[in-house]
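Position 77 (the sequence shown) corresponds to 78 in this note's numbering; numbering is contiguous.
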Amino acid sequence: MHSDDSEVDRTVQTASRDLPKATVPSVIRVARQQGLAVDDEEARAGMCCHGAPIFDASGHQAVAAVALSMMKTNSPPPGAERIELAARTVHQLARLMSHRLGMPPGGR
2 MHSDDSEVDR TVQTASRDLP KATVPSVIRV ARQQGLAVDD EEARAGMCCH
52 GAPIFDASGH QAVAAVALSM MKTNSPPPGA ERIELAARTV HQLARLMSHR
102 LGMPPGGR
């Protein structure tokens with residue numbers, strides 16, 4: 002998610018999955034802007050996953066990540082509301098952990 006563009010390009014060129022290669026950079030760009038990566042039924046039907054990077058004290062280097070995978074249905078609150086709550090929670094947890102590692106307020 003926070004690799005430089007040349008590393009992203011190398012990864013896209015060697016990817017073994019049947020993904021449209023033009024799609025990957027745009028997905029990465031959105032994830033960088035939002036600070037959150039989303040898998041919406043790409044790995045398994047009916048599941049979604051949200052992941053966010055945890056940064057070191059500089060606020061520039063991702064050193065870990067936190068993610069949550071969940072079924073899109075079958076538990077309250079209703080689907081879209083629950084998914085949005087999960088995404089917000091993952092993002093907030095990653096920021097909290099980054100701050101605990103010394104990332105300054107206002108970083109990323």
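C-beta atoms are modelled at their ideal positions from N, C-alpha and C, and glycine is treated no differently.
- Cβ-Cβ separation between Ala65 and Ile55: approximately 4 Å, consistent with a contact (criterion under 8 Å).
- As the crow flies, the alpha-carbon of Leu37 is around 7 Å from that of His51.
- Within the DSSP secondary-structure output, Val28 pairs in no beta bridge.
- Within the DSSP secondary-structure output, Val67 pairs in a beta bridge with Ala53.
- A distance below 6 Å between beta-carbons, with the five flanking residues on each side excluded, links His100 to no residue of its chain.
- Rounded to the nearest whole angstrom, the CA to CA distance from Ala63 to Leu97 is 14 Å.
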